[in-house]
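Working notes for the structure below.
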Amino acid sequence: MKLWGQIIWTLLSGPQGRRRAPQGWAFNLWKTYSSLAGLLSATGMVNHWTRVFEERGIPEARESSEYIVAHVLGAKTFQSLRPALWTKPLTLQQLECIQELCSHRLQRMPVQYILGEWDFQGLNLKMVPPVFIPRPETEELVEWVLEEVAQRPSEVKAQDGPLILEVGCGSGAIALSLLSQLPKSQVIAVDKEEAAVSLTQENAQRLQLQDRIRIIRLDITSDKCRTHLLPWGPMDLVVSNPPYVFHKDMEQLAPEICSYEDLVALDGGDEGMDVITHILTLAPQLLNASGSIFLEVDPRHPELVSSWLQSQPDLHLSLVGVREDFCGRPRFLHIQKSVPSVAAL
Ligand SMILES: C[S@@+](CC[C@H](N)C(=O)[O-])C[C@H]1O[C@@H](n2cnc3c(N)ncnc32)[C@H](O)[C@@H]1O
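Per the working numbering, residue 13 is the first one in the sequence shown, and the count goes up by one each step.
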């Protein structure tokens, strides 16, 4: 059994491993796969590619190979495949498809782009590089917004709404999951990148949520932004997972991020506050009297945002809540518009 595994390993990887010459690669692979079709199972391929990924230092080696093999067999996860498919020999076409997708992973392409889709809050979203891939912690931001909306007085809940502005919609993950879980809500989703605007539009159509969302290409730092957004208001909520990485930290990002994701989605300037301060400056004019802002930020931001808000009393915004992510880091902010008292005017 060990020897058989070694023969297959050698056939698939080549005797020189990573030093194998690229010439004649496609022809050799075709020969290799023709001879292995009907012999290798899904489990065999997962084990094989896990070893290759580990050898080449690819992160999340097993998860990557499991997702790719499951995807080729029409499932979302390897565990959700019918057990009979784990051991059933794969066809030549399936082997070639797995090889093709795994070769992208060897180039450090994120699995989400390789599969072309990813789930967020139970919604299946199309993923296309370089549009930012939604991260699991952002689901916690969405859950916090949903909790706050659920706590609104019943007479408010009976009305239409809430009307939500999302700044930096990316693939549409936040906007579309709020729309799908709040049936009376409406969202204005803005992003400065055309690729993000088109992907949000496509995902809204896929999920049949296009009637309650308005997607606008807009740079939140631009002068025309206020004039564009005012007619849509007043808003109940502003939600954003803005670019918040400190510029000096950008060089530490993994190759998966640097080579494939739009860095505009991440780089928040010197202290990661460039887009955050624009959102906070604009929000009071767009929000209704009791409106709220929910932001995903870096763990250093709760303190920075709090002191920035204190330096801007005219905005009448207060940081009323900070939440931790699943790693225990303070990552989410709830900022409320506070109507100034008559005495303060
Ligand atoms: C971290 S990504 C978040 C994407 C999506 N909301 C999510 O959570 O998956 C930030 C997004 O903000 C957009 N963005 C960056 N700067 C912006 C600006 N000045 N105005 C509007 N959108 C901006 C980027 O194009 C990117 O799509």
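Glycine included, each C-beta is placed from N, C-alpha and C at the ideal position.
These numbers were taken from a predicted model, which means no experiment stands behind them.
Go ahead and label residue i buried or exposed: buried means 16 or more other beta carbons lie within 10 angstroms of its beta carbon, across all protein chains shown.
i	result
Ser-234	exposed
Lys-204	buried
Val-358	Because the chain in this structure spans residues 13 to 357, residue 358 falls outside the shown range and cannot be described.
Gly-128	exposed
Gly-56	buried
Thr-103	exposed
Lys-260	exposed
Ala-301	exposed
Gly-86	exposed
Glu-273	buried
Pro-95	exposed
Pro-27	Its pLDDT being 34, under 50, Pro-27 is placed unreliably in this model, and the value from its coordinates should be taken loosely. Per the 10 Å Cβ criterion, exposed.
Gln-171	exposed
Gln-124	buried
Pro-122	buried
Ser-304	buried
From which residue to which residue does the alpha helix (DSSP H) around residue i run?
i	result
Trp-1	Nothing can be reported for residue 1: it is not among the residues displayed for the chain, which extend from 13 to 357.
Ser-318	313-322
Phe-90	Element bounds for Phe-90: n/a, residue is neither H nor E.
Pro-95	95-99
Can you tell me the Cβ-Cβ gap for residue i and residue j, rounded? I've got them flagged as a contact below 8 Å.
i	j	result
Gly-180	Pro-254	5 Å
Gly-281	His-313	Contact flag wrong, Cβ pair sits at about 12 Å.
Arg-224	Val-199	7 Å
Met-247	Leu-190	The pair is not a contact, with the Cβ atoms about 13 Å apart (cut-off 8 Å).
Glu-268	Arg-120	5 Å
Arg-229	Val-209	5 Å
Ala-187	Ala-207	Not confirmed; about 16 Å, so no contact.
Given residue i, which residues of its chain have a CB within under 6 Å of its CB, disregarding the five upstream and five downstream residues?
i	result
Phe-90	Glu-78, Ala-82
Trp-98	Ala-54, Thr-55
Leu-211	Val-140, Val-143, Ser-183
Sorted by chain position, which residues of the same chain lie with C-beta nearer than 8 Å to residue i's C-beta, five sequence neighbours on each side aside?
i	result
Leu-321	Leu-292, Leu-327, Leu-329, Ser-330, Leu-331, Ile-347
Gln-324	Leu-292, Thr-293
Glu-214	Lys-138
Val-334	Pro-314, Pro-342, Phe-344, Leu-345, His-346
Once the 5 residues before and after residue i are set aside, which same chain residues still bring their CB inside 7 Å of it?
i	result
Ala-185	Phe-132, Leu-137, Pro-146, Thr-150
Glu-72	none
Leu-107	Tyr-45, Leu-48, Ala-49, Leu-52
Leu-299	Pro-246, Met-247, Val-250, Lys-349
Gly-36	Confidence in Gly-36 is poor, its pLDDT being 44 and thus under 50, which makes the residue's placement too unreliable to answer from.
Between residue i and chain C, is the shortest Cβ-Cβ distance under 7 Å, so that the two count as touching?
i	result
Ala-96	Absent here is chain C; the protein component of the structure consists of one chain.
Identify the continuous beta strand (DSSP E) that holds residue i and give its terminal residues.
i	result
Ile-225	225-229
Ala-301	299-308
Arg-343	342-349
Glu-336	329-336
Asn-136	135-138
Phe-65	Where Phe-65 is concerned, there is no enclosing beta strand (DSSP E), although the alpha helix (DSSP H) it sits in stretches over 54-67.
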